[in-house]
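Residue numbers 275 to 483, in my numbering, belong to the letters of the sequence shown in order. A short write-up of the structure that comes next.
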Amino acid sequence: MFETVTTLLDWLGIVVFAVTGALVASRKEMDIVGFALLGTATGIGGGTLRDVLLGLPVFWVHEPAYLVTCVVIACVAFFTAHIPHSRYKALLWLDAVGMALFAVSGAEKAALAGANGIVAVAMGVVTATFGGIIRDLLGGEIPVILRREIYVTAALLGAATFVALMSVGTPRELSLVAGFALALLIRAAALWRGWSLPRYRPRPGQSDN
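So, in structure tokens, the structure goes:
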């Protein structure tokens, strides 16, 4: 059951992030190749960096079905992206789901590779955010992590919750679901209520001269 849940979360995250990449391509009025590029880069980008940093075989190299799925989803989106009433709103909410999925699945994969708790949490954050960074940069958007929004914090708390629960003996399935739910709840609340972390503001100090 555990492996099934983990694999399911990974696949769902890839599918959802591939769709968000395609939605950005639609907003930029790209051709079908652009859709495939953004969808694929978004879907597998975070997991690729995670595997490289952990010294693991890159997952989609050994399982090309991940790569093919991203391309197929992006191509389908090329013909259907006009359906959502607001593509930007759909992008934000799908991105929130993908972030939460990857936060826990990324942390889980790092833990299985033998990483300690801190590294596992960091890899959860990397997996959850890097694909979106690539998507936004390629799409000419300001990366979501640089906006005044709670995003990385949600991924961090979701991954940390999963790792903390696992460390005290909580069943893996429950730990995964709890971490996912917390990350998604925080991000959803931030989107719904417009929450953001305090910004740095200049204050009196020494002159730069």
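Each residue gets a CB set at the ideal place from its N, CA and C atoms; glycine is no exception. This structure is a prediction, so every number in the text was calculated from the model and none was measured.
query	result
Is the number of C-beta pairs between the region 412-421 and the region 337-347 that are closer than 8 Å three or more?	no
Is it buried or exposed for P472, if we count other Cβ within 10 angstroms and need 16 for buried?	exposed
Can you tell me which of the three DSSP states Q305 falls into?	Here residue 305 turns out to be Asp, not Gln, going by the sequence shown. In the structure shown, D305 sits in coil (DSSP, three-state: anything other than H, G, I, E or B).
Between which residues of its own chain and I347 is the CB-CB distance below 8 Å, once the five residues before and five after are set aside?	V289, A292, V293, A296, G313 and G317
Three Cβ pairs or more, each shorter than 8 Å: is that satisfied between the region 442-449 and the region 349-359?	no
Could you say which of W466, P476, R461 and S470 lies nearest to A370 if we only look at CA atoms?	R461
Is A389 helix, strand or coil when you go by DSSP?	coil
List the endpoints of the continuous alpha helix (DSSP H) containing V346.	A339 to T354
Can you say whether A299 is buried or exposed, counting buried as having 16 or more other CB atoms within 10 angstroms of its CB?	buried
Buried or exposed: which applies to E382, given that a residue is buried once 16 or more other Cβ atoms fall within 10 Å of its Cβ?	buried
May I ask which residues mark the beginning and end of the alpha helix (DSSP H) holding R421?	R421 -> no alpha helix (DSSP H), and no H or E assigned at all.
Using DSSP with H/G/I as helix, E/B as strand and the rest coil, what is G413?	coil
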